[in-house]
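> Chains as they are written, first to last, in the working numbering: chain E, 1 to 339; chain A, 1 to 147.
Beta carbons: idealized from backbone N, C-alpha and C, even for Gly.
Pasting in a structure now, in structure tokens, and then I'll have a few things to ask.
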Amino acid sequence: MVFTLLPLSAVAVAGPGEGAMLYRQNCAVCHGVDGDGGVGIPLNLPDFLAVASDDYLRNTLRDGRPGRVMPAFANLSDAEVEAIIGYIRSWSGQDAPVYHDRSLHGDAQRGRRLYEKNCTACHGDRGQGGTGTGVTFSRPREAPVMAPALDNPGFQDSVSDAMLKATLLRGRKGTPMPSIAALGLQEKDADDLVAYLRTLKMESISADSKPLEPVILYESEYDLEQTLENLKQAVVGRNFRVIREQYLDQGLAAEGKEDKHRIILYFCNFAFLNDALAIDPRVGLFLPCRITLIETDHGVQVMSINPKNLSRLFNNSELDRYCEQMHDLYAEIMEDATL
Amino acid sequence: MKRFLLLALLLVSPLLAAQDLFMVRSQLPFPEAMSVLQQSIGESGFHISRVQRVDIGLTKSGYKTDKYRIVFFGDLDELHAVSDRHPDLIPSLPLKIAIFAENGETLLLASSFKHLRPFYTSPDLLQKFDQWESAIREILERVRVAE
Numbered sequence: 001m002v003f004t005l006l007p008l009s010a011v012a013v014a015g016p017g018e019g020a021m022l023y024r025q026n027c028a029v030c031h032g033v034d035g036d037g038g039v040g041i042p043l044n045l046p047d048f049l050a051v052a053s054d055d056y057l058r059n060t061l062r063d064g065r066p067g068r069v070m071p072a073f074a075n076l077s078d079a080e081v082e083a084i085i086g087y088i089r090s091w092s093g094q095d096a097p098v099y100h101d102r103s104l105h106g107d108a109q110r111g112r113r114l115y116e117k118n119c120t121a122c123h124g125d126r127g128q129g130g131t132g133t134g135v136t137f138s139r140p141r142e143a144p145v146m147a148p149a150l151d152n153p154g155f156q157d158s159v160s161d162a163m164l165k166a167t168l169l170r171g172r173k174g175t176p177m178p179s180i181a182a183l184g185l186q187e188k189d190a191d192d193l194v195a196y197l198r199t200l201k202m203e204s205i206s207a208d209s210k211p212l213e214p215v216i217l218y219e220s221e222y223d224l225e226q227t228l229e230n231l232k233q234a235v236v237g238r239n240f241r242v243i244r245e246q247y248l249d250q251g252l253a254a255e256g257k258e259d260k261h262r263i264i265l266y267f268c269n270f271a272f273l274n275d276a277l278a279i280d281p282r283v284g285l286f287l288p289c290r291i292t293l294i295e296t297d298h299g300v301q302v303m304s305i306n307p308k309n310l311s312r313l314f315n316n317s318e319l320d321r322y323c324e325q326m327h328d329l330y331a332e333i334m335e336d337a338t339l
Numbered sequence: 001m002k003r004f005l006l007l008a009l010l011l012v013s014p015l016l017a018a019q020d021l022f023m024v025r026s027q028l029p030f031p032e033a034m035s036v037l038q039q040s041i042g043e044s045g046f047h048i049s050r051v052q053r054v055d056i057g058l059t060k061s062g063y064k065t066d067k068y069r070i071v072f073f074g075d076l077d078e079l080h081a082v083s084d085r086h087p088d089l090i091p092s093l094p095l096k097i098a099i100f101a102e103n104g105e106t107l108l109l110a111s112s113f114k115h116l117r118p119f120y121t122s123p124d125l126l127q128k129f130d131q132w133e134s135a136i137r138e139i140l141e142r143v144r145v146a147e
């Protein structure tokens, strides 16, 4: 066991072999141990490695994809970033492509028409990308790989015009992305498409880092029993199913010794849940939907987490929007039950 | 010795140290990873209060999904002490870890307390957040490295 620790303790100075370890520690959880993908997109596709420059990988690691799950790894040293890139590169056994950083001068207006005809089905009408996370092996989904958000500032800042063009010309086997030749387009069309892609700007991304209240809280006008009953009716009235009612310390306290003044009501709408899991398989941390009742000397309080507050941890704009709905839903249920 | 080795692993695990969510991939299939998780929670001094079988509800409702569970855990005295002093933390208690199958492997996920810290000033509570985060990282790391 000591022998396995020795290389681990040498992380500060990244060298050969450490890329694999750093990859496992930082990337494998989302992209898979062998780069097959998961919450993150696959990294081991030959067509991806053939067009992705080291600059692209480096900038992606550093800046992430704001609002699209991939975090910015500011904690990694330059040597560690290079070691990870070296490890990813080793999967192809080929040298990294090197591109010039000059802008291509295509016709953006024409590129827009080409984009609308050929690209919107996967990448969205504004380049906002596909729904959900990279790939998932846990449940059925429409596309095998989420189409990247082309308007994302992290992507726009990482990719060069030349790399965009190379991707268009080559396509990406293992994903729905064809080469533009397969679509009947020419090299000049790629220049026009790149010119248009450079005009895409993400519509909204939450730049507000002000912390949001962690709890939604209502005071009830009723006693504990009546509030609980009201709550169940409000939950069912919104097409949710009550799945469990329990004391806060149930399962930890001895049976019969639980604190009867703190009650949790769990509920679920499985269609809603299924949609949420399609957006982000990590939503388990919100599950199950839950409202807690607390009886004190001063009355009954009803409270839940604020999903908008928790969602901030996920770097997923789509989930943020979903959590706004969840917040409103919780608030409506609690208001119904308490007023 | 075992605890020292785990601590050493944690110290060199930048993902776990730096991110808002604590997330690891176990190369064990779901049943084995779940078993290790349950054991690991016990080794950190907690008790499991309940396991929510999310996948069962989904499949009964006609949706397809692989295994997906939420494991709730805590310590009774700690739960009472913290919830008595900070009732607004009750919705976040007991602690939980989401565990789900992914292509023959298993992903595990827990939240840090970063989203709660700005609202509390009590040194005791902030220390408790530190302790919980440390314990969760230990629990997850044991599952990650288990073979």
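What are the partner residues of Tyr23(E), as DSSP defines its beta bridges?
Answer by DSSP bridge pairing: none, since Tyr23(E) is not bridged.
> Closer than 8 Å by beta-carbon distance: list the chain A residues that pair up with Cys268(E), in chain order.
The contacting residues are Gly57.
> Compute the Euclidean distance between the alpha carbons of Lys78(E) and Ile85(E), then round it to the nearest angstrom.
The residue you asked about is not Lys; residue 78(E) is Asp in the sequence shown. Whole-angstrom Cα-Cα distance: 11 Å.
> So that I know if they touch, is there some Cβ in chain A lying closer than 8 Å to that of Leu248(E)?
Leu248(E) counts as touching chain A.
> Nearest-angstrom Cα distance between Asn239(E) and Glu258(E)?
Each residue's alpha carbon lies about 30 Å from the other.
> His31(E) and Leu45(E) look like a contact to me (Cβ under 8 Å); what is the Cβ gap, rounded to whole Å?
With a Cβ gap of about 11 Å, His31(E) and Leu45(E) do not count as contacting.
> Give the DSSP bridge partners of Met326(E), in chain order.
The partner list for Met326(E) (beta bridge, DSSP) is empty, contrary to what the question assumes.
> In terms of residues, what are the limits of the alpha helix (DSSP H) holding Phe48(E)?
First-last of the alpha helix (DSSP H) with Phe48(E): 46-51.
> Does DSSP put Leu107(A) in a helix, a strand or coil?
Of the three classes helix, strand and coil, the one that applies to Leu107(A) here is strand, per DSSP.
> Beta carbons nearer than 8 Å to chain A: which residues of the segment 25-58 of chain E have them?
So the close ones are Gln25, Asn26, Ala28, Val29, Cys30, Gly32, Val33, Asp36, Gly38, Val39.
> Looking at the C-beta of Phe240(E), does it have a partner C-beta in chain A at a distance below 8 Å?
Judged by the 8 Å Cβ criterion, Phe240(E) is not in contact with chain A.
> Please report how far the alpha carbon of Gln109(E) lies from the alpha carbon of Glu82(E), in whole angstroms.
Looking at the two C-alpha atoms, the distance is approximately 38 Å.
> Could you give the uninterrupted runs of the beta strand (DSSP E) lying entirely in the segment 246-315 of chain E, keeping only those of 3 residues or more?
Counting only runs of 3 or more, we get 262-268, 289-296, 299-305.
> According to DSSP, what are the bridge partners of Lys60(A)?
Beta-bridge pairing links Lys60(A) to no other residue.
> Could you check whether the Cβ of Asn152(E) sits closer than 8 Å to any Cβ belonging to chain A?
No, no contact with chain A.
> Does the Cβ of Leu339(E) have 16 or more other Cβ atoms within 10 Å, making it buried, or fewer, making it exposed?
Under this definition Leu339(E) is an exposed residue.
> Using CA atoms only, rank isn't needed, just tell me which of Asp66(A), His80(A), Leu79(A), Val82(A) is closest to Gly104(A).
Checked all of Asp66(A), His80(A), Leu79(A), Val82(A); the closest Cα to Gly104(A) is Asp66(A).
> Could you tell me the distance, in whole angstroms, from the CA atom of Ser122(A) to the CA atom of Lys114(A)?
In a straight line, the C-alpha of Ser122(A) is about 15 Å away from that of Lys114(A).
> Measuring CB to CB, does Gly106(E) end up less than 8 Å from Asp192(E)?
Contact: yes.
> Taking Arg290(E) and Tyr266(E) to be in contact with their CB atoms under 8 Å, please state how far apart those CB atoms are, rounded to whole angstroms.
Contact flag correct, Cβ pair sits at about 5 Å.
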